[in-house]
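Protein chains in written order, with this note's numbering: chain A, 605 to 916; chain B, 3 to 633.
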Ligand SMILES: Cc1ncc(C[n+]2csc(CCOP(=O)(O)OP(=O)(O)O)c2C)c(N)n1
Ligand code: SF4
């Protein structure tokens, strides 16, 4: 018998399980793109067959970091930029969990940029959703790593002198095996991409465009929304790195011109996940480590004699 | 100081195999029935640069490196820079001989490799040798090694010469070589050992000096190991199966030992991008239901400050180790200090609580690491094991029974799915993981994946189900509950006897110390009492919660107290005064912060000149005295 009965339970999961309706209501501003991510997630999770109990949603700090307050799963609301290291260890400790990390562009591409690069490089089997609103929302509208060059804010009154970061390209070069961009204003595609990303065995990065009507009214890509909603079937060659790179570059440049290109940019189904690699080289047990503590038959003293022997 | 003890020092250049040779020799001495204690001194360089290891061996248990030493084996620095290349570093080639002379005792023995070193180049060498009655043996160890096998084997020749001069049987060394060396190099090494031994026996008279190997017998089987190893075994026995880290001396030792163990024991080790990530990974693994640890040294631990606070706020059990070296910043990477105490006590914002242990010996390092895990998982609080380069690196013989090896996989206050059925849930069906009113402040946790256990762990202040809350009532309830745990832990730890008294109970003076200085202080106390003074000591290793009652009773029982620690700002004395709220007039400090640990003699001299003779200055530059305030 498993120590975690909720894991792997086969049953029909209905959408309401992730929203009983008596949880705190989101404190996001009216019209915020974050609502779109929450909605897409609530639709995607039952779709992939995961119960609220086997889902662990790890977030950072920011408006986006509050996501797991409104989703009825297990959650860990961590500190600014650190959702990924927390999430990947939880997955290593208990691979039975469906681990999803989420945070903002400041959170994920700024303060947590180092972790982003390394988690992608390791190709952990998890999903990472970055709410990209090109602004710091929660701290009231400062320039973020994805704000366009020339963007004016109280902390960059002369307009930013920096080029924005290219999250898709960065994910690809760092080693992510699934890279996509979708938008809150495009709910159908968002749900589809989330579903796919969660099912992907490896590090799936989603640059999720979320409008911030409070601090970033001028972001060009959100006007007009209808263009974005039409962009469901973007025809990227998703398995070829070079072509994916090219498509990403176009999309990343076009974004600041007001054209929103979304879709799945890259999928590599052949690259083994980090967990798989670690098991292959004998650095990680086949059964979930977390199960051991509940397993009365597990032999805790195994191999210990060898250690003592070398001190004699 | 009797000559019934051998303190053997082997010196050379980094990369010359000093560490491995000395480790083997220490083991051989232990196997012959002696108690051993080793001390390592090395520079922050990979190859070249003067390094030495000291091995103290005695038929009686030894608690410190001792005072000075009586046998020098100087190998020469084979990686030394060109001596003509003028010398910021001095003449490195000669350093293994010249640098070690100051601490060599009268009547001591010097063996130096005349194939590499020339004593004639050292100023006043002959005069000093004569004055100090040193017995000098220039022996071409390099030549000997070259003849039989390879030059690098001159270590072995040196050990052979040593054995001949101190009257030690070769069998222990030979056995070790047979166990450890691959066939190919075993034969030439055995040959070199024997040749060196025979040659010295033939050409010299070992009775010309008083330095000899003592003989002894152990009451029970002994093991030779370091503080870093003891910490690792403590963690393993307590069921730790996840470690994450980033290398930094001297924490790297625990990280490396644990990593090797984890892959053998079916655990997981992760070397990650930085210390923030390392600490955060440990939290993630613990959150998911595995006993986890991380750690670092000063600068790396500074980066862990925020994850540490997250662990405190989310009540995620975790153990961190902090291996001190001299700071601030990168300080002196290979030198020891106890300067991170305040850093570890106070880092992280807000009203925070953590448990801090500072083991004083290798045995305590094992026990207290176990206790750290037990407390962390029982009370859902980060526990820190604070130690230093000295305790981490020195090899000591300890009775095998030190390690009870009873595994403890108990996750402490963690509920099973069955228990969760009866646990309180909110209206939305979430488990109330952070309940307001619970005994000892401990609200049991559930694990992701468990049925009926859903909750949100949040680094923001949160209500019972974990949701963010800024309600004043909830805030006060949560802060009070988290604080309550500290009193419960204090009561719990009172049974552990982590404080170590030493010396006559009715002594007039007291020496208070913490962490790795404990053994050295105890030897100093013995020397002081033998010299007619009346002194006792208390080694404190529960730092948070502070053992108020025990320390207070100790301070009350003596007239004056000297606090001994290795930092410049008397951090432990400050903590003691803060915790006890008084005694400013009773506590003076003896401090050492030059990178090297105290020798018992430093403490004896410091005590006599200050406490007895009433000086405010301690002779010599090694230690500093800070008198008591307000009297
Ligand atoms: C170490 C640290 N630095 C700064 C902050 C303050 N802070 C909170 S949220 C945030 C910016 C978040 O921006 P983003 O990630 O883009 O998220 P959004 O609010 O736009 O969703 C900052 C700087 C913090 N909480 N921690
Ligand atoms: S500030 Fe912006 S990102 Fe934050 S909730 Fe409001 S609209 Fe959303």
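Even for Gly, the Cβ is constructed at its ideal location relative to N, Cα and C.
query: Closer than 7 Å: residue 742/A CB and nearest ligand 1 heavy atom; result: yes
query: Residues that DSSP places opposite residue 12/B in a beta bridge; result: 55/B and 75/B
query: Beta-carbon separation (whole angstroms), residue 309/B vs residue 347/B, contact threshold 8 Å; result: Not confirmed; about 17 Å, so no contact.
query: Entirely enclosed beta strand (DSSP E) segments - the region 271-311 of chain B, minimum 3 residues; result: 294-298
query: Sheet register partners of residue 812/A (DSSP bridge); result: 735/A and 786/A
query: N- and C-terminal bounds of the alpha helix (DSSP H) containing residue 821/A; result: Looking at the DSSP string, residue 821/A is not in any alpha helix (DSSP H), and its letter there is neither H nor E.
query: 8 Å Cβ cutoff, residue 775/A in contact with chain B; result: no
query: Residue-chain proximity (residue 413/B, chain A), Cβ-Cβ < 8 Å; result: yes
query: Inter-residue Cα distance where the pair is residue 462/B and residue 431/B; result: 21 Å
query: Beta-carbon gap between residue 433/B and residue 415/B smaller than 8 Å; result: no
query: Rounded straight-line distance, which links the Cα of residue 165/B to that of residue 15/B; result: 22 Å
query: Where residue 475/B sits in the DSSP three-state scheme; result: helix
query: Per DSSP, the bridge partner or partners of residue 37/B; result: 60/B
query: For residue 602/B, the residue or residues it bridges with in DSSP; result: Bridge partners of residue 602/B: none, in fact.
query: Spatial distance of residue 856/A from residue 847/A (CA atoms); result: 14 Å
query: Partner residues on chain B for residue 626/A, Cβ-Cβ distance less than 7 Å; result: 429 and 430
query: Near-chain A residues of the region 430-454 of chain B - C-beta to any C-beta below 9 Å; result: 430, 431, 432, 448, 449, 450, 451, 452, 453 and 454
query: Segment contact, 8 Å Cβ cut-off, at least three pairs: the region 596-603 of chain B with the region 522-536 of chain B; result: yes
query: Residues of the region 724-755 of chain A with Cβ closer than 7 Å to any Cβ of chain B, in chain order; result: none
query: Where residue 156/B falls, given that 16 or more other Cβ within 10 Å makes a residue buried; result: buried
query: Residue closest to residue 684/A, alpha-carbon to alpha-carbon, out of 662/A, 633/A and 608/A; result: 662/A
query: Delimiting residues of the alpha helix (DSSP H) encompassing residue 164/B; result: 156-168
query: Chain A contacts made by the region 358-385 of chain B, where a contact means CB separation under 9 Å; result: none
query: Spatial neighbours of residue 161/B in its chain, beta-carbon cut-off 7 Å, leaving aside the 5 residues before and after; result: 23, 27, 175 and 195
query: Residue 359/B beta carbon near ligand 1 (any heavy atom closer than 7 Å); result: no
query: Heavy atom of ligand 1 within 7 Å of residue 810/A beta-carbon; result: no
query: Cβ distance (whole Å) where residue 495/B is taken to contact residue 547/B below 8 Å; result: 7 Å
query: Bridge partner(s) assigned by DSSP for residue 760/A; result: 757/A
query: 8 Å CB neighbourhood of residue 279/B in its chain, flanking five on each side removed; result: 246 and 248
query: Sequence-distant residues of its chain with Cβ nearer than 7 Å to residue 69/B (five each side left out); result: 3, 601, 602 and 603
query: In chain order, each alpha helix (DSSP H) run of at least 4 residues that lies wholly inside the region 160-245 of chain B; result: 173-182, 185-205 and 229-239
query: Residues bridged to residue 264/B (per DSSP); result: Paired residues: none, contrary to the question.
query: Proximal residues to residue 354/B (C-beta, below 7 Å), its chain only, five neighbours per side dropped; result: 311 and 314
query: Top-ranked residue by Cα proximity to residue 395/B, from 413/B, 417/B and 364/B; result: 364/B
query: Within 7 Å of chain A by C-beta, residues of the region 248-265 of chain B in sequence order; result: 263 and 265
query: Residue 709/A beta carbon near ligand 2 (any heavy atom closer than 7 Å); result: no
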